[in-house]
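Numbering (full-length UniProt numbering), first residue to last: 1 to 485.
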């Protein structure tokens, strides 16, 4: 296979560079290959499914053989909370995007909440853009938020370049981003039904009756009243049973006919009880997709010690058999994408000393570690690197309307490249946590797979082990062109 743009004429202006490896991820294949890209245009100029010798290129063309490491597309993490402005002590554009580069992620999409103000109006988006300018190590896009009463702000946000919209069917944990009712959902769907966007749901909702913990639901936070010690992970897990997810999914599907062509997306699906409902809906023609997260695929309830609030997130990390079901659904295509849902906070808010799962902030810090986490867990299951690229780059890029630029090694697309050592291992220390607050359940775990280099639009933004990244600075762009699909 040879795919190319003309590079011989005007080669000096294009400043082509050449990467070769015995293993390049091209679509569904791993093949020997040659990638030619331009540091001037930031685009891929040609792709060859063979290793071309250095002599095949004009003298002086930078030429690097990355064998035996894998050349693959930079990942697109479509679910990250960067929290700036307003809660920048939790995370920020500079630290969060630098962490992404460390992990081979070249594009992140910032969630609309946990920053103050939330991205729910054009004015608030402008505040967010100003906060991000000049700080991003990788390319950053933005989601808009749906809250009660802001339905008339949604179409202007689409035109301003947000990549999609998120809402909560249960309280979000921050007062400036309240939950929506089914009436709010339908209003938003009607506004967005003809727009090139996606509507996303935190799909937990308090059902009218559940037998998972008690016969009567307590309408409180947590959703179901705790029935045991507050530092017990089982107590916390029981307080957020699968019924919260299945009930929310059923409610979303009851609203879907209002806008039958509008893409719907379930974020951080954790309960396998949702899968038959999701499968039936898709079989019936509902335009709905779902993601899961690195932590649901790598961590399980039986291994979480009481008081270890680093593991708290909502929906919760469930049992090992549930994890196996998520892997099966992912490899079967029912779940389409894997994201970090990087939702950090300060160490104090994690209640590490107290160990109270009910007062601790819920969120797992993962950005920059996800590729290694997924490969560590997936490789023993027979998972391939093309599968990971599909879940974490191509499909996530498609979700946010960036195909044609991001998510695959293609001629004319951005030269976003990850050089991955799939045999290397490392033990996670604070030095590997480039995010602001060094709190993660992956600390001290040995992970398989090391990102050796990350290239963004033809420029190196990370190189492991030589201090290069300390000199790079922020080269990322804000992805604000309105999406068309």
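Backbone N, C-alpha and C define an ideal beta-carbon position, used for all residues, glycine too. The structure displayed is predicted, hence computed values, not measured ones.
- Task: Locate the alpha helix (DSSP H) running through residue 372, then write down its first and last residues.
- Result: 370-378 is the span of the alpha helix (DSSP H), which, as asked, contains residue 372.
Q | Close beta carbons around residue 487, own chain, < 6 Å, minus the five adjacent residues each side | A | The chain is shown from 1 up to 485; residue 487 falls before or after that span and cannot be answered.
Taking DSSP's pairing of strands, which residues face residue 488 in a bridge? Any question about residue 488 goes unanswered here, given that the chain covers just 1 to 485.
- prompt: What are the start and end residues of the alpha helix (DSSP H) that includes residue 251?
  reply: Residue 251 -> alpha helix (DSSP H) spans 242-255.
* Check the Cβ-Cβ distances between residue 460 and every residue of chain D, and say whether any is below 9 Å. => This model lacks chain D altogether; it includes just one protein chain.
### Query
Tell me the DSSP bridge mates of residue 72?
DSSP lists 418 as the beta-bridge partner residues of residue 72.
Looking only at its own chain, which residues have a Cβ that is under 6 Å from the Cβ of residue 341, when we skip the five neighbours before and after it?
-> For residue 341, same chain residues with a beta-carbon under 6 Å away, outside a window of 5 residues either side, are 79, 268, 293 in chain order.
> Near residue 298, which residues of its chain fall below 6 Å by C-beta distance, leaving aside the five closest residues on each side in sequence?
Replying inline: Here the set comprises 373, 377.
Report the three-state DSSP secondary structure of residue 314 (helix, strand or coil). It is coil, neither helix nor strand.
_Spatially closest choice to residue 98 from 132, 69, 121, 127, by CA coordinates_ = Comparing Cα positions, the closest option is 132.
| Beta-carbon separation of residue 128 and residue 85 under 9 Å? | Taking 9 Å as the Cβ cut-off, residue 128 and residue 85 qualify as a contacting pair.
query: By Cβ distance below 7 Å, which residues in the same chain neighbour residue 459 in space, the five residues on each side in sequence not counted?
result: The residues are 39, 475.
Check your understanding: How would you call residue 220, buried or exposed, if buried means at least 16 neighbouring beta carbons within 10 angstroms?
Key -> Confidence at residue 220 is low in this model, with a pLDDT of 39, below 50, so the placement of that residue should be treated as unreliable; the coordinate-derived value is given next. An exposed status is given to residue 220, since fewer than 16 other beta-carbon atoms sit within 10 Å of its beta-carbon.
Where the alpha helix (DSSP H) containing residue 517 begins and where it ends: Lying outside 1 to 485, the shown extent of the chain, residue 517 is not represented and no answer is given.
**Asked** Is the beta carbon of residue 309 less than 9 Å from the beta carbon of residue 352?
**Response** For residue 309 and residue 352, yes; Cβs fall inside 9 Å.
**Prompt:** Mind checking whether residue 91 and residue 82 have CB atoms under 9 Å apart?
**Reply:** Taking 9 Å as the cut-off, the Cβ atoms of residue 91 and residue 82 count as close.
query: Terminal residues of the continuous beta strand (DSSP E) containing residue 166?
result: Where residue 166 is concerned, the enclosing beta strand (DSSP E) stretches over 165-168.
Let me check understanding here. Comparing Cα to Cα, which of 437, 93, 171 lies closest to residue 205?
The shortest C-alpha separation from residue 205 is found at 171.
Would the segment 142-160 count as touching the segment 117-126 if we require 3 or more Cβ pairs under 8 Å?
Because the criterion of three Cβ pairs below 8 Å is met, the segment 142-160 and the segment 117-126 touch.
Query raised in the report: Does the segment 405-422 come close enough to the segment 438-455 that 3 or more CB-CB pairs lie under 8 Å?
Result: A contact exists between the segment 438-455 and the segment 405-422.
- For residue 332, which option in 311, 21, 387, 123 has the closest C-alpha, if you only look at C-alpha atoms? Nearest option by C-alpha distance: 387.
- Query: Relative to the alpha-carbon of residue 314, which residue among 26, 95, 242 has its alpha-carbon at the smallest distance?
  - Reply: For the residues 26, 95, 242, the minimum Cα distance to residue 314 belongs to 242.
Exercise. For residue 399 versus residue 164, is the C-beta spacing smaller than 9 Å?
Worked result: Their beta carbons are under 9 Å apart, which means residue 399 touches residue 164 by this criterion.
Cβ shell of residue 218 (< 7 Å), same chain only, five flanking positions each side left out:
Confidence is the limiting factor: at residue 218 the pLDDT is only 36, short of 50, which leaves the residue's position unreliable and the question unanswerable from this model.
**Prompt:** Using the C-alpha atoms, what's the distance from residue 237 back to residue 180?
**Reply:** Per the coordinates, the alpha-carbon of residue 180 lies some 24 Å from the alpha-carbon of residue 237.
Check your understanding: When you compare each of 248, 227, 245, 246 to residue 239 by their alpha carbons, which one comes out closest?
Key -> For residue 239, the closest of 248, 227, 245, 246 by C-alpha to C-alpha distance is 227.
| query | Per DSSP, what kind of secondary structure is residue 80 in: helix, strand or coil? | reply | Strand at residue 80.
- What is the DSSP secondary structure of residue 208, counted as helix, strand or coil? Of the three classes helix, strand and coil, the one that applies to residue 208 here is coil, per DSSP.
Collapsed DSSP secondary structure at residue 338 in the structure displayed: Residue 338: strand per DSSP, three-state reduction.
> If you scan the segment 132-199 from start to end, which runs of the alpha helix (DSSP H) of 4 or more residues do you find wholly inside it?
Replying inline: DSSP runs (the alpha helix (DSSP H)) wholly in the segment 132-199: 154-159, 182-192.
Review point. What's the gap between the Cα of residue 383 and the Cα of residue 334?
Key: Going from the Cα of residue 383 to the Cα of residue 334 covers about 16 Å.
Where residue 431 falls, given that 16 or more other Cβ within 10 Å makes a residue buried:
Exposed: under 16 other Cβ atoms inside 10 Å.
- Query: So what's residue 354 in DSSP terms, helix, strand or just coil?
  - Reply: Of the three classes helix, strand and coil, the one that applies to residue 354 here is coil, per DSSP.
Secondary structure at residue 265, three-state DSSP: helix, strand or coil?
Judged by DSSP in its simplified three-state form, residue 265 adopts strand.
query = What does DSSP give as the partner residues of residue 49 in its beta bridges?
reply = Paired residues: none, contrary to the question.
TODO: Locate the beta strand (DSSP E) running through residue 93, then write down its first and last residues.
DONE: Counting along the chain, residue 93 falls outside any beta strand (DSSP E), though it belongs to the alpha helix (DSSP H) covering 93-102.
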